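For reference, the structure is listed below as structure tokens.
Residue numbers (this note's numbering): 87 to 322.
Structure, rendered in structure tokens:
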């Protein structure tokens, strides 16, 4: 009797397999619809809570009602890492190059007069004289814009560069200039070539006379350069 009952159920299931399959599909669809509705309802609640918090944070809302407290389960807002400043990277001289191949021949001194043999006079030397070879390339020490290029009987060609740090560099003692006024230049770019000797400093041989001015005041160019080179007979 019992075995016949189960055989009857099995035969009914086999005869009506399409109905069983259809019922299973409908059950899956119904379950999916219920889950989707729950997800949408939850998303709506989260969005409404976010909009309410944003509205409450406005100045007008704060004047009427206090801000609601955040729920204990709310995710914390992302934090911003503290700003750190690399002083080595921004210090003067951190973005410059040495202009010519030689060492310092005569250093900067804006207070003590020294003898200028070629001019037969005594005057301060508010610049830096750096030795080199006649005809070698003179490099721009820092990014900037060429403000003037002039030929001077005492100094040879002079190229003036307004630098990105606000200072002004003047390169004296060039045999020829390869840049023009209003031209943007970058550190390491060739500005011209070196004279055999600067007429007013002929006793020093071929060299670059480099001046640096900031806010109308002369500064020591050596403090701007990337490293201190050895000096020979210089006053620093």
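All C-beta atoms, glycine included, are put in the ideal place defined by N, C-alpha and C.
Nothing here was measured: the structure is a model prediction, and the numbers come from that model.
- Around residue 283, the same chain offers 291 and 292 as residues with beta carbons nearer than 7 Å, after the five sequence neighbours per side are excluded.
- Contact holds between the segment 213-220 and the segment 267-286, because three or more Cβ pairs, one in each stretch, are under 8 Å apart.
- With respect to the C-alpha of residue 277, the residue from 229, 118 and 214 having the closest C-alpha is 229.
- The C-beta separation of residue 216 from residue 190 comes to about 6 Å, placing the pair in contact by the 8 Å criterion.
- Proximity of the segment 199-216 to the segment 231-239 falls short of the contact definition, fewer than three beta-carbon pairs being nearer than 8 Å.
- In the DSSP assignment, residue 246 falls within the beta strand (DSSP E) that extends over 242-249.
- Burial of residue 185 is indicated by the presence of at least 16 other C-beta atoms within 10 angstroms of its C-beta.
- The shortest CA-to-CA distance from residue 265 to any of 245, 249 and 274 is the one to 245.
- Taking the C-beta atoms as reference points, residue 194 is found nearer than 9 Å to residue 304.
- The distance from the Cβ of residue 295 to that of residue 258 is about 4 Å, consistent with a contact at the 8 Å cut-off.
- Residue 261 sits in a strand when the DSSP states are folded into three classes.
- Looking at the DSSP output, residue 304 shares a beta bridge with 299.
- In this chain, the beta strand (DSSP E) harbouring residue 202 covers 195-202.
- Residue pairing of residue 109 in beta bridges, as defined by DSSP: absent, with no partner found.
- The C-beta separation of residue 307 from residue 214 comes to about 4 Å, placing the pair in contact by the 8 Å criterion.
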